[in-house]
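Here the protein sequences come in this chain order: A, B, C and D.
To convert, take the position in the first sequence, counting from 1, and add 97; that gives our numbering.
To convert, take the position in the second sequence, counting from 1, and add 97; that gives our numbering.
To convert, take the position in the third sequence, counting from 1, and add 97; that gives our numbering.
To convert, take the position in the fourth sequence, counting from 1, and add 97; that gives our numbering.
All C-beta atoms, glycine included, are put in the ideal place defined by N, C-alpha and C.
Encoded as structure tokens, the structure appears first; notes follow it.
Number of protein chains: 4
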Amino acid sequence: MTDLSAISDALAAQAIELPSWAFGNSGTRFRVFGTPGTARDPYEKVSDAAQVHRFTGLAPTVALHIPWDEVDSYADLARHAEENGVRLGTVNSNTFQDDDYKFGSLTHSDPRIRRKAIDHHLRCVDVMDATGSRDLKIWLADGTNYPGQDSIRARQDRLAESLATIYARLGEDQRLVLEYKFFEPAFYHTDVPDWGTSYVQTAALGDRAMVCLDTGHHAPGTNIEFIVAQLLRLGKLGSFDFNSRFYADDDLIVGAADPFQLFRILFEVIQGGGYANPDVAFMLDQCHNLEAKIPGQIRSVLNVQEATAKALLVDLDALRAAQEAHDVLAANAVFMDAYNTDVRGALAAWREERGLPGDPMAAYLASGYQDTIEADRVGGTAASWGA
Amino acid sequence: MTDLSAISDALAAQAIELPSWAFGNSGTRFRVFGTPGTARDPYEKVSDAAQVHRFTGLAPTVALHIPWDEVDSYADLARHAEENGVRLGTVNSNTFQDDDYKFGSLTHSDPRIRRKAIDHHLRCVDVMDATGSRDLKIWLADGTNYPGQDSIRARQDRLAESLATIYARLGEDQRLVLEYKFFEPAFYHTDVPDWGTSYVQTAALGDRAMVCLDTGHHAPGTNIEFIVAQLLRLGKLGSFDFNSRFYADDDLIVGAADPFQLFRILFEVIQGGGYANPDVAFMLDQCHNLEAKIPGQIRSVLNVQEATAKALLVDLDALRAAQEAHDVLAANAVFMDAYNTDVRGALAAWREERGLPGDPMAAYLASGYQDTIEADRVGGTAASWGA
Amino acid sequence: MTDLSAISDALAAQAIELPSWAFGNSGTRFRVFGTPGTARDPYEKVSDAAQVHRFTGLAPTVALHIPWDEVDSYADLARHAEENGVRLGTVNSNTFQDDDYKFGSLTHSDPRIRRKAIDHHLRCVDVMDATGSRDLKIWLADGTNYPGQDSIRARQDRLAESLATIYARLGEDQRLVLEYKFFEPAFYHTDVPDWGTSYVQTAALGDRAMVCLDTGHHAPGTNIEFIVAQLLRLGKLGSFDFNSRFYADDDLIVGAADPFQLFRILFEVIQGGGYANPDVAFMLDQCHNLEAKIPGQIRSVLNVQEATAKALLVDLDALRAAQEAHDVLAANAVFMDAYNTDVRGALAAWREERGLPGDPMAAYLASGYQDTIEADRVGGTAASWGA
Amino acid sequence: MTDLSAISDALAAQAIELPSWAFGNSGTRFRVFGTPGTARDPYEKVSDAAQVHRFTGLAPTVALHIPWDEVDSYADLARHAEENGVRLGTVNSNTFQDDDYKFGSLTHSDPRIRRKAIDHHLRCVDVMDATGSRDLKIWLADGTNYPGQDSIRARQDRLAESLATIYARLGEDQRLVLEYKFFEPAFYHTDVPDWGTSYVQTAALGDRAMVCLDTGHHAPGTNIEFIVAQLLRLGKLGSFDFNSRFYADDDLIVGAADPFQLFRILFEVIQGGGYANPDVAFMLDQCHNLEAKIPGQIRSVLNVQEATAKALLVDLDALRAAQEAHDVLAANAVFMDAYNTDVRGALAAWREERGLPGDPMAAYLASGYQDTIEADRVGGTAASWGA
């Protein structure tokens, strides 16, 4: 069994934030299929997220999406979280489901609608104040579908102005993280399409504005670990939205489509000082369209943990020696040796040493929680994306 | 003004089928925005489609989508169409919006669900009998999201069996056209992902099974005109679903994203004998998420007409001479000369000669129809995709 | 250590053909860098290939490329191979490095050049007769760079005619395998761009014409294992050219870019009856531009062996049960369980039981062969691709 | 005929720099085909480039590539250029064809090789001093082929240091432009893969360091006009390398693959103040692998001119009004109206008014120059890329 002793402390430092919306229904433009037992309100979502943490010890916080997760009392929701052993985390804004935003939100040419979108973000900061959240995460659906539809340049300038207004509202311990995305839902141009744009927009704001890297938001063939290395070098990598994809923004379980890519990304995070670094938040952003949601999230955090363990196991001395010698095959072999290692048994033992179940998936399934929610949660509709 | 006399008859032979669903609301998984005046039932959709034909003379038929367009009496709907100057056309099946189809329809491992999906198609043929439609178009959302989820091979065999059952039900003058799509809504594998699969499946059925080519359903960089040439060579190009895309299956207005590609496709259609050939149906399949729907369809058929006119204008003698001489620049110049020609003025005159408005977009806007439907169509919900 | 007893015989049946050109220099359009000790003629290439087999037991045959590997006596070259413990295998034609083929070879509009290209293939069959090779592999660089440059359709028809002439020359135990490629060196259209085209062209020839699938020759995002499943279903998968890629036809070491994809491909090969099936040849087609060539090939065959072992280890009963139950997570978990298994130690033991070195890479490096060839092979130029 | 009077002065301000290497042979890794009459040395290349300017008035300068274009006396070469009616322009460095650069140049881990690469660039600045050139253009082939081969981060830091040393050598009126490229010749990671990297590296250097945008150096689907708008907004767009592509870095004639994209790019250049702006150099970077080189360049500059004329013709008042009203179809129609205009006749007349031939392609072919060089230039080998 692989010896994890040298990396045991590092593993213990891992924390992955769960998205509340992963516990709601989701789908494609063609159909949102329902899944029995799906959470219907923020309280149920938090309860479900707490199960993931209970069985893995990896997921101490839950991200909120406003307005999907609006509640009367955020203090009460925070208390509910704590009672379940977790905390509330990043607050995500949402400016893509109101008719006013059909042609843009923070980039809209109409000052009234821009103001409405800005005000939504200010309310999100109010929520953060109430929940004690540090990060305001902004992903914008803004863009156009047809050449000529709007001015790319004017929208970029309006975006800068809107972001500055929001940034000014942040508290000293709060941050703004700006997510970029290659395309969808806009099909001709997207206002924050790449890391470069997110970088220049956040660099213009100040030190508490950072870039959020969603692993599914790139053009085909993009070397994501390069972007990780570059953003860490620039001190601007604020957070990850982990998921995986075969084609576009498929939002599949992280590590499911290309586990070697996940390993490479985590290796670069570690090398660049981004691991167990509070400045770099690890989050999931996924859609469990077909599979069960709670075990889907458990599988996800375990995938990240396994890839992290492998990335921590790379023999750096041997790697550097081979790199210095320009021995391409030897360097690659050192790298692959860690990737090819089966860490699952050792991680099970490591978990058990910490009072966690060796097999979190089996433990969850045996817990009876799933049966309970499938029986209890009948009726009701969720405020979620397309759900 | 460009002389169209040599191609005037060919232009007059053009007919483009409109999709009823283009007149309903549509959107992305993030949001379906409403548009004032949108049709709410099959009768209103047919009325709207008829406007496109009234102002362009290009769109004499309307395709139906079952069950979105289910009505009590298809004979009555057909009469409504004729009263409005159009006819009912291709019947499209839909096996992607019922919970039973979460894991597949014609490919499902459960015989009960396969039978349900087959029966749905048999009912579609009943509709065709009632409407006098020739073509049953099958696009399947079937596929899987995760490696291992199901057997790729077993699903392909089940597909063949299901299609054979449906094919056996067709009348002598009816056809089955099978559409392929690269990805979405399935993210790991799709059961009919490419023209090769659609070809081998329809070749196994018989002569009345053909391939449907949707111009937005290919991998990045795919040379679509090559596929057109190949399918025409094989006698298996049954129909087009025209639209355009920058990234994935964006379903934008045909010709909007890459007008030169549309020209190349139409040139290959003409060279391969697929133009004004009843075996090769021209259809639109688009989503007007942001723009007005009736003028969006008018713009679409005009784009196809303009590209067709240009493709018909290519000087084939000069082209062949340059090709024979391997004069790459000269051959490309002959090709581009037609593409770079501005045919709009000549087409306006050509239309006016035939009693049509020279500027169909302006004529539609001046007609008052849009104002009327925006005033009249308040309330109601459409059975449409995500609408 | 993983128990390989159930799959031991299957592993023993594996044979991977090596490409002679992998032992020559290669590069990009920007530069072909030299590597010390590189083989300079077919005899040296065969000697090097034999080293791979000597240390792995996996590579009993060597493919030739004509005219790169032209020799005065193929009988003598075959004897040289046997003396080194290997045999000569597939004969690859080459119609891309003669000025006459600037505008095409088997598809050229000039009958004289088509005839020249056909005659080259007939000479390749002569070589096959002399070497006892079964397969003639045809990869064509034919295509065009600019729209209008030539007739896509006419070229396809000429291709069919040329292939038929070549096919007619084959002996009863010989086969023609036609490789497809998405793009490069042609940039607008390629005459055999996809599996569909290779399928319809070889289906028209007869049972001894098959498709060759090069794993690097697809559009971004293509699901290759689907194509494997489909071609096996159709009885037309004749051979693989294994390699890996991040972007285009990078020709990297197989399994280096996406080891999970290699596992999925091999799983589908096994499921479809293509493993240890003489009709489906496993070959490598790679370019070791930067890394040492012999150990590069050793790494490659080991990568295929490891992925094969994992694919053979999938618990099919558990997989089918989960698939039947539509338990997406469970099915995926069974699949990933095999992939995540570290088979390296067990394979080392398995090798040693068969008198092979447990660590073929280390054994090769310790053998002194590399030092010898680096010292001996000074001067001379290779007939190779760009070398 | 289209009225160009309002844009006549703007058209007269256009200048496009030609690459000397476009007049040499080029090809793919598979083959460099020769073309009769191809220039064999820098003097002949300059003479050929001068023909393009003579017949179009669009190409007053020629870019050099060092060491391909090394001569004994740059003053003499500059005089030769002036005698032929053109001037020498940008100096391009080349660190991809020396064995020392197999594993990198400015990013190499060995200080000796880094120094060698830096020194090469300093010598390029010496050439610039001699020729009076303003811009040093750096495109780096640096990167790795295999994960683990080298440290992505360390290479980025070394790149920054190397660039700083080169930048310090520049004169006050000289600039460094850094080109990015998605992939090739490196297949795993490239050290300057995207505009973001080029931006942050040049921003760190100072105001005289700018980004070079090659239109063929992006991932599939990238919206290039967005990058143009962003770089102009940031004041960092230093130059264009124009060409076109269907798949990768195909280096086809600009406007040949997607003329609408070229139009959109030029529209954004104009809107962002980058047109007829000395800070933004227009250059070609193409490979005429199959077609004749001088007429290939004439076609290229004419394509840019035609697209520029169309982009200048966009009715900005109408466009803004439609954009303000969020009338997507109207805004797109204004945009497309300019694109669909046939400006060729008006441009021919505009040229003739300025003493230039109306049809530069025909005039060149009639001039006899091509016959002369095909007869005269026999023998000799060019220092060019792969030539």
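- DSSP places residue 225 of chain A within a helical segment (H, G or I) once states are collapsed to three.
- At least one CB atom of chain B sits nearer than 7 angstroms to the CB of residue 193 of chain A.
- Of the residues A:264, A:460 and A:326, the one whose Cα lies closest to the Cα of residue 222 of chain A is A:264.
- Fully enclosed beta strand (DSSP E) runs of no fewer than 3 residues occupy 378-381 of the region 355-399 of chain C, in order along the chain.
- Two segments are said to touch when three or more pairs of C-beta atoms, one from each, lie closer than 8 angstroms; by this definition the region 377-387 of chain B does not touch the region 431-441 of chain B.
- A direct Cα-to-Cα measurement between residue 139 of chain C and residue 373 of chain C gives close to 28 angstroms.
- Ranked by Cα distance from residue 98 of chain D, the options D:248, D:246, D:444 and D:205 are led by D:444.
- Cβ contact annotation for residue 172 of chain A (same chain, cutoff 7 angstroms, sequence separation greater than five): 227, in chain order.
- Between residue 393 of chain A and residue 350 of chain A, the beta carbon gap of about 6 angstroms places them in contact (Cβ cut-off 8 angstroms).
- Beta bridge pairing from DSSP links residue 219 of chain B with no other residue.
- Runs of beta strand (DSSP E) with 3 or more residues, each lying fully within the region 180-215 of chain A, are found at 184-189, listed in chain order.
- Residue 321 of chain D has a beta carbon lying at 7 angstroms or more from every beta carbon in chain A.
- When DSSP states are grouped into helix, strand and coil, residue 177 of chain C belongs to the helix group.
- Counted as a single uninterrupted DSSP element, the beta strand (DSSP E) harbouring residue 162 of chain A occupies residues 158-162.
- Boundaries of the beta strand (DSSP E) harbouring residue 310 of chain B: 306-311, taken from the DSSP string.
- By the Cβ test, the region 319-337 of chain C is not in contact with the region 299-319 of chain D, since fewer than three Cβ pairs between them sit closer than 8 angstroms.
- If you check the CB distance, residue 288 of chain A and residue 331 of chain A do not come in under 7 angstroms.
- Rounded to whole angstroms, residue 333 of chain C and residue 376 of chain C show a C-alpha spacing of 9 angstroms.
- Non-local C-beta neighbours of residue 400 of chain D in its own chain, meaning closer than 6 angstroms and more than five positions away in sequence, comprise 351 and 352, ordered along the chain.
- Straight-line spacing of the CA atoms in residue 214 of chain D and residue 341 of chain A works out to 39 angstroms.
- Here residue 127 of chain A is near residue 193 of chain B, since their CB atoms are less than 7 angstroms apart.
- Annotated three-state conformation of residue 447 of chain C is helix, per DSSP.
- For residue 344 of chain D, the closest C-alpha among the options D:370, D:354 and D:453 is that of D:354.
- Excluding its 5 nearest sequence neighbours in each direction, residue 398 of chain C has C-beta neighbours in its own chain below 6 angstroms: 113, 153, 155 and 156, listed in chain order.
- Proximity of chain B to residue 421 of chain D at the Cβ level (cut-off 8 angstroms) is not reached, the minimal Cβ distance being about 15 angstroms.
- Taking C-alpha positions only, residue 474 of chain D is separated from residue 135 of chain D by approximately 7 angstroms.
- Residues of the region 374-391 of chain D with a C-beta less than 9 angstroms from any C-beta of chain C: 384, 386, 387 and 388, listed in chain order.
- Between the C-alpha atoms of residue 369 of chain B and residue 360 of chain B there is a straight-line separation of about 14 angstroms.
- Going by DSSP, residue 234 of chain C is part of the beta strand (DSSP E) stretching over 232-235.
- Within chain D, no C-beta atom comes nearer than 7 angstroms to that of residue 340 of chain B; the closest sits roughly 15 angstroms away.
- Taking residue 177 of chain C as the centre and dropping the five residues before and after it, the same chain places the C-beta of 140 and 143 closer than 7 angstroms to its C-beta, in chain order.
- Closest in C-alpha terms to residue 187 of chain B, from the list B:212, B:408, B:463 and B:116, comes B:116.
- When the beta-carbon positions are compared, residue 147 of chain A and residue 183 of chain A come within less than 7 angstroms of each other.
- Contacts between residue 206 of chain A and chain D, judged by CB atoms closer than 9 angstroms, involve 420, 421 and 423 in chain order.
- Taken through DSSP and simplified to helix, strand or coil, residue 286 of chain D comes out as strand.
- For residue 293 of chain D, the enclosing alpha helix (DSSP H) covers residues 292-302.
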